[in-house]
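The letter at position 245 of the sequence shown is residue 441 when you use my numbering, and the numbering goes up by one with no holes. Report on the structure given below.
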Amino acid sequence: MSTSGNSSNPFDLSGYNGTGPIPPAPPGVDPDLWQGLFHIGAGCFPFLVDGIDNSYSYWPALGAGIAFDVLFGIALIGHLIQFARFRKWTSILFALGAATEAIGWAGRTWSAKCPYNRDAFLMQITTLIIAPTFFAAALYVLLHNLITRLGRETSMLSPRMYAIVFCTCDVISLVVQAVGGAMASEAADTIDGDTAPGTNTMVAGIVFQLFTMSIFAVFVVDFLRRVQRISRRGPGEKRALLTRPIRLVLVAVFISFIMIYVRSIYRTIELAQGWTGNLITHEGYFIGLDATLMFIAVAVFLVFDPASLLRDDAAGRPATALTGDPAAKESDSADSNAR
Numbered sequence: 197m198s199t200s201g202n203s204s205n206p207f208d209l210s211g212y213n214g215t216g217p218i219p220p221a222p223p224g225v226d227p228d229l230w231q232g233l234f235h236i237g238a239g240c241f242p243f244l245v246d247g248i249d250n251s252y253s254y255w256p257a258l259g260a261g262i263a264f265d266v267l268f269g270i271a272l273i274g275h276l277i278q279f280a281r282f283r284k285w286t287s288i289l290f291a292l293g294a295a296t297e298a299i300g301w302a303g304r305t306w307s308a309k310c311p312y313n314r315d316a317f318l319m320q321i322t323t324l325i326i327a328p329t330f331f332a333a334a335l336y337v338l339l340h341n342l343i344t345r346l347g348r349e350t351s352m353l354s355p356r357m358y359a360i361v362f363c364t365c366d367v368i369s370l371v372v373q374a375v376g377g378a379m380a381s382e383a384a385d386t387i388d389g390d391t392a393p394g395t396n397t398m399v400a401g402i403v404f405q406l407f408t409m410s411i412f413a414v415f416v417v418d419f420l421r422r423v424q425r426i427s428r429r430g431p432g433e434k435r436a437l438l439t440r441p442i443r444l445v446l447v448a449v450f451i452s453f454i455m456i457y458v459r460s461i462y463r464t465i466e467l468a469q470g471w472t473g474n475l476i477t478h479e480g481y482f483i484g485l486d487a488t489l490m491f492i493a494v495a496v497f498l499v500f501d502p503a504s505l506l507r508d509d510a511a512g513r514p515a516t517a518l519t520g521d522p523a524a525k526e527s528d529s530a531d532s533n534a535r
């Protein structure tokens with residue numbers, strides 16, 4: 197994305213929102229042509245013109261926009277159906293993330309039709325940066341649920357403290373990224389606006405999310421280590437702790453975690469390069485390292501629905517096979533009553 201404060205291109209439209217006064221035409225440029233060029237940023241000019249930059253520095257692909265809108269729409273509907281069936285907060289978090297992704301890709305589809313439109317660009321940049329925080333929050337809640345089910349001794353923290361710490365960090369990350377996106381959008385919507393402060397704020401939010409997820413990974417490894425240690429007490433307890441449904445949920449958590457983590461690394465490098473960097477000005481990177489990874493992160497839980505799997509686990513778990521933790525037994529009983 198070019199910005200008028202950093203671009204030497206006299207036809208850069210990225211700093212005009214279509215409502216403010218138009219700056220004077222550069223030397224050698226016809227004033228009528230100059231006026232017309234600035235107005236296309238507020239309307240729908242269906243083509244890219246050589247030498248006239250849009251906010252992406254490329255023409256977004258219509259096929260990709262439609263495809264990911266459909267895919268995230270399917271994910272949204274699927275998780276809403278799961279919520280209607282089981283009433284679990286994880287389904288709502290996945291649905292919120294899928295909805296935010298779908299809105300962002302609707303903006304990119306709009307940009308494919310109107311590549312200079314400022315509203316379309318701002319619509320996608322402010323939503324696609326924050327959508328993965330909902331997926332990360334769902335992973336934190338899932339591990340909280342597993343700790344509650346399998347017993348307090350499977351975690352360094354209590355389930356309640358675990359949820360408070362990680363969900364609070366996720367909210368902080370969401371707010372910082374949203375504020376940064378708003379700052380960058382406002383600056384990009386102003387002639388000679390400086391997008392650097394907003395961009396740096398977004399990077400800070402993503403880096404904080406990476407830090408939080410790194411700590412989360414440590415807790416997951418500790419959780420698995422403790423579960424394995426407890427499982428050695430006997431074959432009966434091993435079946436109780438590492439049932440097939442529990443293993444499938446853990447596989448889904450691992451896949452989704454890797455997708456979000458890799459995407460966060462990509463977006464950190466992308467934004468650190470700036471709005472004219474190699475990564476952000478080539479759509480293929482965005483499709484491969486953001487959209488595709490985020491769809492996998494949310495779709496894996498349509499295949500391995502944690503609400504359904506944990507209900508199956510509760511149905512097949514012997515009443516005496518838990519680790520002796522009253523909280524775990526209470527959770528198991530509550531799941532049985534909810535069926």
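In this text, a Cβ means the ideal position worked out from N, Cα and C, and glycines have one as well. Quick caveat, the model's predicted, so the values are computed rather than measured.
Considering only residues of the region 334-421, which uninterrupted alpha helix (DSSP H) runs meet the minimum length of 4 residues and lie entirely inside it, listed in chain order? 355-384
Euclidean distance between Cα positions of I343 and A271: Position 147 of the sequence shown, counted from the first residue, corresponds to residue 343. Position 75 of the sequence shown, counted from the first residue, corresponds to residue 271. Whole-angstrom Cα-Cα distance: 27 Å.
Let me check understanding here. Comparing Cα to Cα, which of I483, M409, P441 lies closest to F453? Along the sequence shown, read from residue 1 onward, the residue named residue 453 stands at position 257. It is M409 whose Cα lies nearest to the Cα of F453.
Around the C-beta of I360, are 16 or more other C-beta atoms found within 10 angstroms, so that it is buried, or is it exposed? Position 164 of the sequence shown, counting from 1, holds the residue named residue 360. Exposed, since its Cβ has fewer than 16 Cβ neighbours within 10 Å.
Do you know how far the Cα of T296 is from the Cα of I326? Position 130 of the sequence shown, counted from the first residue, corresponds to residue 326. Position 100 of the sequence shown, counted from the first residue, corresponds to residue 296. Cα-Cα distance, rounded: 8 Å.
Compute the Euclidean distance between the alpha carbons of R348 and S354, then round it to the nearest angstrom. Start at 1 with the first residue of the sequence shown, and residue 348 comes out as number 152. Start at 1 with the first residue of the sequence shown, and residue 354 comes out as number 158. Distance from the CA atom of R348 to the CA atom of S354, rounded to whole angstroms, is 6 Å.
Roughly how many angstroms separate the alpha carbons of A260 and T329, rounded to a whole number? Working through the sequence shown from its first residue, we reach residue 260 at position 64. Working through the sequence shown from its first residue, we reach residue 329 at position 133. For A260 and T329, the distance between alpha carbons rounds to 22 Å.
My assumption, with CB atoms under 8 Å, is that T286 sits in contact with A503. Please give the rounded CB distance. In the sequence shown, residue 286 corresponds to position 90, counting from 1. In the sequence shown, residue 503 corresponds to position 307, counting from 1. Right, the Cβ-Cβ distance comes to about 7 Å (below 8 Å), so this counts as a contact.
Output the residue ranges of the beta strand (DSSP E) runs that lie fully inside the region 439-463 and measure 3 residues or longer, sorted by chain position. Listed in chain order, there is nothing to give.
If you follow the alpha helix (DSSP H) that W306 is in, where does it begin and where does it stop? Here residue 306 refers to the residue found at position 110 of the sequence shown. Where W306 is concerned, the enclosing alpha helix (DSSP H) stretches over 285-309.
Rounding to the nearest angstrom, what Cα-Cα distance links L318 and G303 in this structure? Here residue 318 refers to the residue found at position 122 when the sequence shown is read from its first residue. Here residue 303 refers to the residue found at position 107 when the sequence shown is read from its first residue. Cα to Cα, L318 sits roughly 8 Å from G303.
Between F419 and T364, is the Cβ-Cβ spacing less than 7 Å? By 1-based counting over the sequence shown, the position of residue 419 is 223. By 1-based counting over the sequence shown, the position of residue 364 is 168. Between F419 and T364, the CB-CB gap reaches or exceeds 7 Å.
Could you give the residue range of the alpha helix (DSSP H) that holds G259? What you label residue 259 is simply residue 63 of the sequence shown in a count that begins at 1. Residues 258-282.
Compare the Cα-Cα distances from Y358 to each of T477, I248, V416, F290 and report the closest residue. For this step, residue 358 is matched to residue 162 along the sequence shown. That would be V416, whose Cα lies nearest to the Cα of Y358.
Counted within 10 angstroms of its Cβ, other Cβ atoms place N313 as buried (16 or more) or exposed: Counted from its first residue, the sequence shown places residue 313 at position 117. Flag for N313 reads buried.
Can you tell me whether G484 is buried or exposed, with buried defined as 16 or more other CB within 10 angstroms of its CB? The count along the sequence shown starts at 1 and reaches residue 484 at position 288. Exposed is the call here.
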